[in-house]
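One structure below.
In my numbering, the protein residues as written are 13 to 862.
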């Protein structure tokens with residue numbers, strides 16, 4: 013094969029074995045060893061280790077080794093959580109696939125960029141990322157942004173005819189023109205790979221929520237240290253042994269600080285985003301989680317997102333008549349010119365599906381529909397292209413909504429143009445008929461406009477085509493695209509996705525509005541909007557020109573009633589997103605083109621299309637949906653809400669439980685009692701009764717009616733309701749634990765009091781866990797016995813009773829077997845407080861919990 017024909021599939025397979033996948037190997041800073049060492053990086057854990065050494069030095073070998081064992085066990089659990097989270101995040105990075113148009117066996121096809129090998133011939137156009145180091149074979153107005161390599165923001169023009177300027181590099185972006193190139197180096201052998209090899213770490217993104225939690229953890233840490241100092245002072249005044257004071261104070265500080273919180277948050281994000289990825293939504297930025305759960309408006313494209321993007325020409329208007337595609341006239345000059353313009357003014361291609369008569373479209377689906385029309389009429393597209401040579405091309409312009417090319421055939425030059433019907437018609441002065449071309453009057457233009465409207469009202473997407481002969485003198489684009497000869501237009505059917513109607517209603521039930529922003533004709537957009545249930549009787553459709561004529565105040569006033577923005581420019585899309593944000597909406601905006609990048613960056617959550625989206629759009633987005641489906645966005649919003657709710661539930665549990673522990677121990681000290689819990693007991697509670705329930709809440713994948721409630725609007729992590737709830741559950745925990753200790757202390761001895769306090773504190777914390785779970789009653793009743801992460805924390809209650817009835821553990825935790833009556837009294841007191849708490853929530857919610 014020649015170089016331009018590329019490799020055979022067999023050659024490519026052999027070279028892939030030799031050179032390996034075309035990817036940059038990332039070496040994470042979070043190696044297993046680093047993760048393990050990080051578990052001992054907390055100042056409080058270091059203090060606890062020093063306390064262990066002090067215990068051993070003072071001869072208390074059993075307690076010292078026991079504390080050390082608990083520290084190691086806690087570190088082990090933390091390591092397992094974070095290691096799994098790292099693996100999950102790595103797998104997410106590997107799920108983002110870049111598709112490349114490549115020539116194999118002399119035919120164009122689309123492959124994953126990881127499969128590229130040296131010698132492959134690729135096709136690049138505006139918006140693509142260069143997938144490997146390559147050398148240009150052919151180029152047309154080709155410019156690349158090399159800022160990722162050089163830092164220089166000005167686009168660099170590349171020319172296949174210039175030896176010094178024909179190399180392009182992995183990681184750069186095509187900002188203009190198109191080209192074919194042959195791959196010279198892949199993966200770590202590229203220029204970008206050489207730079208990456210020098211970098212040993214990757215910066216891990218920290219979400220805003222994680223930053224907030226760090227502040228909360230520090231505040232609790234300072235409060236815990238303050239309480240530990242008070243405990244120390246009280247202990248010294250009461251003459252308690254210094255080792256007991258130190259160990260109790262340190263244990264209390266460790267118990268108070270939710271050290272497992274970062275690991276819980278990390279694994280929540282990792283597992284949650286993996287669930288999203290399985291539903292075809294890949295988060296590129298974890299910081300989008302918070303915004304995703306609070307979205308109030310989705311600004312969506314039409315084609316491919318609300319529709320199937322299965323483009324087929326169903327009607328053709330030529331010679332002042334409309335024809336169904338199966339009833340087109342034969343030997344018709346306007347039809348021949350329409351087909352020729354559709355083939356030549358086109359960057360898509362067709363790939364046969366095996367031995368069948370069907371074809372896959374490589375490239376833009378709308379352009380592919382024109383090629384499929386030619387194929388339907390048994391016209392070979394490649395043969396038409398071989399009859400001449402491309403002289404000049406002007407890519408599709410989002411403002412003029414026109415694309416044009418100049419082809420040289422023999423000694424003459426001909427312009428072929430296609431685009432929005434109203435734009436092409438306004439640029440035409442003549443019309444092609446079966447009797448030849450003639451002048452086009454304004455009256456005829458009005459009649460043709462009526463034909464546009466009739467076809468568009470049936471929901472068809474319209475593309476008009478025009479041509480003219482000219483002498484080529486490097487004229488401007490405006491000159492080339494004026495005084496055209498109008499050929500006709502086609503109506504392309506693109507049916508709505510079946511699932512979109514239900515998804516729009518689901519979003520509406522969740523308090524999320526949906527608006528369509530499209531470059532299509534207003535009637536076409538309106539017809540589709542009605543089919544999918546997007547339009548209400550009083551909702552409006554507005555075109556880009558109508559929108560531009562309004563003042564900013566008028567735009568703000570009309571905004572709530574507009575559901576469809578048609579024939580909009582990229583600048584208007586950016587303005588629309590900004591206006592909705594100014595109105596208080598949290599906006600998710602979809603996009604696929606280069607010009608959509610600004611709107612995607614402006615939106616609270618930018619959503620790029622995984623199939624039709626350019627690499628530029630994907631880079632600007634926070635999330636990529638791999639099926640280009642609106643329903644996937646709604647599903648991602650649901651997962652975003654679940655992830656946020658899970659994180660918040662874990663945080664509330666840990667903080668509520670820890671504050672309860674602090675209040676219990678501090679309260680006992682202030683009452684003049686001996687320390688109501690020993691250090692080893694505090695550490696056990698911190699590990700078992702805190703850690704496992706928090707993890708269970710983080711991994712909860714089932715929530716009742718999560719898409720039947722309004723979006724989250726609060727800016728602070730905790731609402732007034734949350735603060736009241738924390739106040740109540742921590743007070744309940746403290747009062748229950750103190751009451752339990754009092755029963756044993758006054759009925760028998762300190763050991764019995766500590767045993768009862770130890771049991772009741774664990775029970776109270778399980779009540780906090782169940783109280784959070786019970787807020788979603790369908791999940792609690794249906795899935796409590798099928799979710800292992802829910803069953804394990806519930807087993808803690810049985811474990812507590814097992815500890816106090818087993819000689820080995822009784823000695824380890826310095827427990828005593830309680831008599832039935834004291835234990836029943838303690839449980840009864842705890843139960844009474846729980847009943848009071850539930851009664852308050854049920855009967856006085858209007859003033860205490862509202």
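Where a beta carbon is used, it is the ideal one built from N, C-alpha and C, also for glycine.
**Backbone CA spacing between residue 181 and residue 335 [nearest angstrom]** = 48 angstroms
**Asked** the ligand PLP heavy atoms versus the CB of residue 499: any closer than 7 angstroms?
**Response** By its list of ligands, the structure shown contains no ligand whatsoever, and the ligand PLP lies outside what it can speak to.
**Message:** How far does the beta strand (DSSP E) with residue 865 in it extend, from its first residue to its last?
**Reply:** Residue 865 lies beyond the stretch modelled for the chain, which goes from 13 to 862, so this question has no answer here.
**Asked** What's the C-alpha gap between residue 112 and residue 149?
**Response** About 16 angstroms.
**Prompt:** For residue 306, which of 655, 534, 824 has the nearest alpha-carbon?
**Reply:** Residue 306 has its Cα closest to that of 655, out of 655, 534, 824.
**Message:** On the criterion of 16 or more Cβ atoms from any shown chain inside 10 Å, does residue 569 qualify as buried, or is it exposed?
**Reply:** exposed
**Message:** Under DSSP, the beta strand (DSSP E) around residue 582 begins and ends at which residues?
**Reply:** Here residue 582 belongs to no beta strand (DSSP E); instead the alpha helix (DSSP H) covers 582–594.
**Item:** Option nearest residue 138 by Cα separation, candidates 409, 65, 553, 256
**Value:** The option with the nearest alpha carbon to residue 138 is 409.
**Request:** State the beta-bridge partners of residue 497 as determined by DSSP.
**Result:** 442, 479
**Asked** Looking only at DSSP bridge pairs, what is residue 640 linked to?
**Response** In the DSSP output, where bridge partners are listed per residue, residue 640 has none listed.
**Asked** Which residues mark the beginning and the end of the alpha helix (DSSP H) in which residue 868 is found?
**Response** Outside the displayed range of the chain (13 to 862) lies residue 868, so it cannot be described from this structure.
**Message:** Just to confirm, is the Cβ distance from residue 18 to residue 116 under 8 angstroms?
**Reply:** yes
**Asked** Excluding five sequence neighbours on each side, which residues of the same chain lie with their C-beta closer than 6 angstroms to the C-beta of residue 765?
**Response** 753, 756, 757
**Asked** With a CB to CB cut of under 7 angstroms and the five nearest residues on each side skipped, what residues in its chain are close to residue 144?
**Response** In the same chain as residue 144, and ignoring 5 residues on each side of it, the C-beta atoms closer than 7 angstroms to its own belong to 34, 128, 182, 195, 197, 198, 202, in chain order.
**Message:** At the level of alpha carbons, what is the spacing between residue 49 and residue 708?
**Reply:** 25 angstroms
**Item:** Cross-strand partners of residue 823 (DSSP beta bridge)
**Value:** DSSP output for residue 823 lists no bridge partner at all.
**Message:** Quick test of the definition: if touching needs 3 or more C-beta pairs under 8 angstroms, does the stretch 309–329 touch the stretch 677–694?
**Reply:** Inter-segment contact for the stretch 309–329 and the stretch 677–694 is absent: fewer than three beta-carbon pairs are separated by less than 8 angstroms.
**Request:** Determine, using beta carbons only, whether residue 623 and residue 640 come nearer to each other than 8 angstroms.
**Result:** Yes, they are a contact pair.
**Message:** Considering only their Cβ atoms, is the gap separating residue 580 from residue 545 smaller than 8 angstroms?
**Reply:** Not closer than 8 angstroms, so no.
**residue 485 - DSSP class collapsed to helix/strand/coil** = coil
**Asked** Cα-Cα, which of 244, 87, 518 is closest to residue 649?
**Response** 518
**Item:** residue 478 versus 65, 744, 449, 303, residue with shortest Cα-Cα distance
**Value:** 449
**Request:** Go ahead and pull the three-state DSSP assignment for residue 790.
**Result:** Only weak support is given to the placement of residue 790: the predicted model assigns it a pLDDT of 45, under 50, and the value that follows is read from those uncertain coordinates. Note: residue 790 maps to helix in three-state DSSP.
**Asked** If you scan the stretch 592–627 from start to end, which runs of the alpha helix (DSSP H) of 4 or more residues do you find wholly inside it?
**Response** 609–614
**Request:** Can you tell me which of the three DSSP states residue 572 falls into?
**Result:** helix
**Request:** Inspect the beta-carbon positions of residue 601 and residue 615 and report whether they are closer than 8 angstroms.
**Result:** yes
**Segment limits, beta strand (DSSP E) that includes residue 112** = Taken as a continuous stretch (DSSP letters only), the beta strand (DSSP E) holding residue 112 covers 111–116.
**Request:** Measure the alpha-carbon distance for residue 830 versus residue 703 and round it to whole angstroms.
**Result:** Taking the straight line from one Cα to the other gives about 27 angstroms.
**Request:** Could you check if residue 559 is buried or exposed, using at least 16 other CB atoms within 10 Å of its CB as the buried criterion?
**Result:** buried
**Message:** Given this structure, state the Cα-to-Cα distance separating residue 743 from residue 824, to the nearest angstrom.
**Reply:** 29 angstroms
**Request:** Within its chain, find whatever has a CB closer than 6 angstroms to the CB of residue 489; leave out the 5 residues flanking it on each side and keep chain order.
**Result:** 406
**Message:** If the criterion is Cβ atoms closer than 8 angstroms, does the pair residue 277 and residue 621 meet it?
**Reply:** no
**Request:** Let me know the secondary structure DSSP gives residue 508 once reduced to three states.
**Result:** Here residue 508 sits in strand by DSSP.
**Request:** Name the one or two DSSP bridge partners that residue 293 has.
**Result:** 637
**Asked** If you draw a straight line from the alpha carbon of residue 530 to that of residue 402, how long is it in whole angstroms?
**Response** 31 angstroms
**Supposed contact pair residue 521 and residue 446 - C-beta distance, whole angstroms, cut 8 angstroms** = 55 angstroms between Cβ atoms; not a contact.
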